[in-house]
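Beneath this line is the structure, given in structure tokens, with notes to follow.
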Amino acid sequence: MGKRHDRISARQLGALALCAAGVPIFRLCCRVHWLWTLAGAVAACLMLSGLSWLLNRQDRTRPKSSHWRGALAPFLLGGAALAAWVGSFAFPETAGNGLAALLIFGLAIWAARIGPAAVGRCAGILLWVTGMLYGVVLLFSVPQMQSRWLLPGPGGPTDALLVWAGLSVPGVALCLHGALGSDQKLPHWPWWSAGSLAVVAAAVTGGILSPPLATEREAFRTLARGVSVLGVMRRFEALVNGAMLMSAFSLCALLLTAAVLLWSGSRRETERTRNQTK
Numbered sequence: 035m036g037k038r039h040d041r042i043s044a045r046q047l048g049a050l051a052l053c054a055a056g057v058p059i060f061r062l063c064c065r066v067h068w069l070w071t072l073a074g075a076v077a078a079c080l081m082l083s084g085l086s087w088l089l090n091r092q093d094r095t096r097p098k099s100s101h102w103r104g105a106l107a108p109f110l111l112g113g114a115a116l117a118a119w120v121g122s123f124a125f126p127e128t129a130g131n132g133l134a135a136l137l138i139f140g141l142a143i144w145a146a147r148i149g150p151a152a153v154g155r156c157a158g159i160l161l162w163v164t165g166m167l168y169g170v171v172l173l174f175s176v177p178q179m180q181s182r183w184l185l186p187g188p189g190g191p192t193d194a195l196l197v198w199a200g201l202s203v204p205g206v207a208l209c210l211h212g213a214l215g216s217d218q219k220l221p222h223w224p225w226w227s228a229g230s231l232a233v234v235a236a237a238v239t240g241g242i243l244s245p246p247l248a249t250e251r252e253a254f255r256t257l258a259r260g261v262s263v264l265g266v267m268r269r270f271e272a273l274v275n276g277a278m279l280m281s282a283f284s285l286c287a288l289l290l291t292a293a294v295l296l297w298s299g300s301r302r303e304t305e306r307t308r309n310q311t312k
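Numbering of the sequence shown is given in the numbering used here, commencing with residue 35 and proceeding in unit increments.
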């Protein structure tokens with residue numbers, strides 16, 4: 035990993051985390067009643083903001099033991115493979131296609147090998163694109179919402195727990211704390227932005243689709259298929275498909291980058307310990 039690419043700015047890290055959050059938001063959170071989504075989102079945001087605050091107070095110039103961190107790398111690698119597999123479902127034509135998942139995984143490996151800076155620059159561009167695509171669908175869907183479907187409905191604490199778990203996944207970006215510049219701090223805005231977006235997506239999805247339809251696996255794609263502009267049906271699912279593909283790539287690249295950093299940090303710690311014992 036070259037020195038030019040081993041640093042990431044706080045803004046790029048935030049963009050990477052928020053772009054990666056598109057996967058749990060629009061594949062999981064939007065299928066949960068907005069009240070339970072709100073509960074899970076607040077819990078996840080408070081947890082990640084608290085961890086960010088604690089990490090920002092740490093002295094990054096002091097060497098830290100990273101043996102246990104290296105043990106997390108295989109789990110992150112498995113999570114990246116799962117993210118690539120989820121990405122293959124972005125388009126119905128490639129749903130479950132191993133070659134499509136392998137292509138996403140390969141591109142994410144390529145970006146992660148270059149370094150955090152490259153992944154961060156890529157996310158800085160993708161965030162604007164995905165935000166526009168998701169935003170268009172949400173914006174044009176609002177006029178079709180029905181207030182009666184926003185009333186307290188089915189669901190329970192388990193749903194809030196699922197939302198909390200889903201929104202915690204982009205928190206892997208905290209593992210990139212050591213890759214920030216010396217004058218940079220972990221941002222808090224990506225966690226609260228992701229949580230707010232999850233609540234909005236859940237409210238819009240539940241407020242337009244009937245309760246049974248709102249809990250289906252492809253609920254947000256169904257929503258995009260029925261969006262109308264000036265009374266004319268416009269099939270916006272292609273926008274959702276493209277945005278979901280970019281979000282899945284960002285999540286895969288985030289997990290792989292974190293795995294590389296943790297593994298390399300563990301190796302450096304092992305070498306330093308070995309040199310001290312000689």
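Think of the CB as a built atom: it goes at the ideal place given N, C-alpha and C, for glycine as much as any other residue.
In this chain, the alpha helix (DSSP H) harbouring D193 covers 191-202.
D193 counts as buried, since at least 16 other C-beta atoms from the protein chains shown sit within 10 angstroms of its C-beta. Inter-residue distance for A207 and G190 is about 29 Å (C-alpha atoms, whole angstroms). In the same chain as S227, and ignoring 5 residues on each side of it, the C-beta atoms closer than 7 Å to its own belong to L52, in chain order. Every alpha helix (DSSP H) of 4 residues or more that sits fully in the segment 123-158 is shown, in chain order, as 132-148. Counting only residues of its own chain and dropping the five nearest sequence neighbours on each side, W119 has a CB closer than 7 Å to the CB of A135. In the DSSP assignment, I242 falls within the alpha helix (DSSP H) that extends over 223-242. The beta carbons of G112 and S122 sit about 16 Å from each other, so the pair does not count as a contact at 8 Å.
For A114 and F139, the gap between their C-alpha atoms comes out near 7 Å.
Bounds of the alpha helix (DSSP H) holding T256 are 253-259. Counting every other CB atom within 10 Å of its CB across the protein chains shown gives Q180 a total below 16, marking it as exposed.
In the DSSP assignment, S86 falls within the alpha helix (DSSP H) that extends over 68-90. Assigned with DSSP and collapsed to three states, L106 falls in coil, not helix or strand.
Where L50 is concerned, the enclosing alpha helix (DSSP H) starts and stops at 44-54. For L247, the enclosing alpha helix (DSSP H) covers residues 245-248.
If you check the CB distance, A232 and G240 do not come in under 8 Å. By the neighbour-count criterion, in which 16 or more other beta carbons inside 10 Å mark a residue as buried, P150 falls on the buried side.
Listed as beta-bridge partners of L214 by DSSP are I42.
Rounded to the nearest angstrom, the gap between the Cα atoms of V76 and R147 is 34 Å.
The three-state secondary structure of F174, taken from DSSP, is helix. Close CB contacts of L50 within its chain, under the 7 Å cut and outside five residues either way in sequence, are with V153, G154, A157, A207, S284, L288 (chain order). In the three-state reduction of the DSSP assignment, M166 falls in the helix class. Taken through DSSP and simplified to helix, strand or coil, L220 comes out as coil. Cβ contact annotation for L85 (same chain, cutoff 8 Å, sequence separation greater than five): G205, L208, in chain order.
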